Amino acid sequence: MLTATAYSAPSQPIQSSSTTDNTFEPVSVPHIRIVPQLDSPRSLVFQVIERDLHENTILKIGRFNDRTLLPNRIAFRSKVVSRGHAEIWIENGKKFYIRDTCSSSGTFLNNVRLSPANQESKPFILRDGDIVQLGVDYQGGCEEIFRAVRMRIELNRTRQNQANTYSLNTFQSLRNLTTPPNNISVLDNAMNRTNSASASKTCVEECCICLYAIAPFQALFVAPCSHTFHFKCCQPLLQHYPGFQCPLCRSYSDLDASVEIEADEVMCFFFFTQRVCITVR
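In terms of this note's numbering, the sequence shown is residues 1 to 281.
Following this line, the structure appears as structure tokens:
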């Protein structure tokens, strides 16, 4: 598996001549999340990279080198990535920019190369959901070390990790589905033709891949985004393990992420979310 290493420390500001405007939802600190773009069987999987960017921070991207570990650097173990390949920074607190820094194999933004080989490009605006590629596959990319690095840029998406009603409802639904006493009550309500009010409130979730129902005694897969599938159906999507891209919302998740959470933390999470929902209503 391809690995990525990044560091955050103050750097010198840089100015851009671009005048195109792009804005995002306001957050306390501009945030960037870089995830693998899983669009082919040979897509490289690397650790998710998350950084808060400030006006005086330049995020430098290049090839990993033990002798040149620098602050604010993201390093990939790929020979098609130059030592100093590209840079990302922010201006005016809301505009994200990228440029190629004289790389030999090129930087591509949404499949468009930013500059010829060994020439620095002008600044280009980064938008949420953009696809960035570093270099091109060498010798067909048969070995990981010779594959290009394709990544999706997520800007100011920290809200995705916050408590939300959908994730809580999914968790509760799975508890009802997998706990035998609750299973009986759910099925009874669904089959109780005399109580039309209860039956009308019962909703059976379907797997979006095969369109068959999610039911007891099935092997299920629940993604971190809370979307649920039959394990059999989503198994082909696990070829990039530990990387996983949800077929519904397209969000990227690290299936090897830590699951260390205590029961009292879960209870606090539920309590806080319920209070938020009541306040919104």
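Ideal placement from N, C-alpha and C gives every residue a C-beta, glycine not left out. A quick note: this is a predicted structure, and the numbers were derived from the prediction, not measured.
- I90 is a Cβ neighbour of L53, given a cutoff of 7 Å.
- By the C-beta criterion, the region 142-149 is judged to be in contact with the region 69-87, since at least 3 inter-stretch pairs fall below 8 Å.
- One alpha carbon belongs to M151, the other to I58, and they sit about 18 Å apart.
- By the neighbour-count criterion, in which 16 or more other beta carbons inside 10 Å mark a residue as buried, V204 falls on the exposed side.
- Within the same chain, Cβ atoms closer than 8 Å to the Cβ of E50 are found at H31, I32, R33, I34, the five residues on either side in sequence being excluded.
- Cβ atoms of D130 and L109 come within 8 Å of each other, at about 6 Å.
- Apart from the 5 residues on each side of it in sequence, F244 sits with its Cβ closer than 6 Å to the Cβ of S253, L255 in its chain, given in chain order.
- With respect to the 7 Å criterion, H227 and C207 are not classified as neighbours on the basis of their beta carbons.
- A148 is the residue among P123, A148, D128 whose C-alpha sits nearest the C-alpha of L134.
- Here G93 is exposed, its C-beta having fewer than 16 other C-beta atoms within 10 Å.
- Contact check for S82 against D100 fails: the beta carbons are separated by 7 Å or more.
- Contact check for I153 against L114 fails: the beta carbons are separated by 7 Å or more.
- Taking 7 Å as the cut-off, the Cβ atoms of C234 and F217 do not count as close.
- The three-state secondary structure of A86, taken from DSSP, is strand.
- Per the C-alpha coordinates, the member of K95, F46, G106 positioned closest to A86 is G106.
- In the structure shown, the three-state DSSP call for Q172 is helix.
- When rounded, the separation of the alpha-carbon atoms in M267 and P116 is 55 Å.
- As DSSP reads the structure, T107 sits in a beta bridge with L134.
- Beyond the five residues adjoining it in sequence on each side, S43 comes within less than 7 Å, by CB distance, of P36, Q37, R150, H240 in the same chain, given in chain order.
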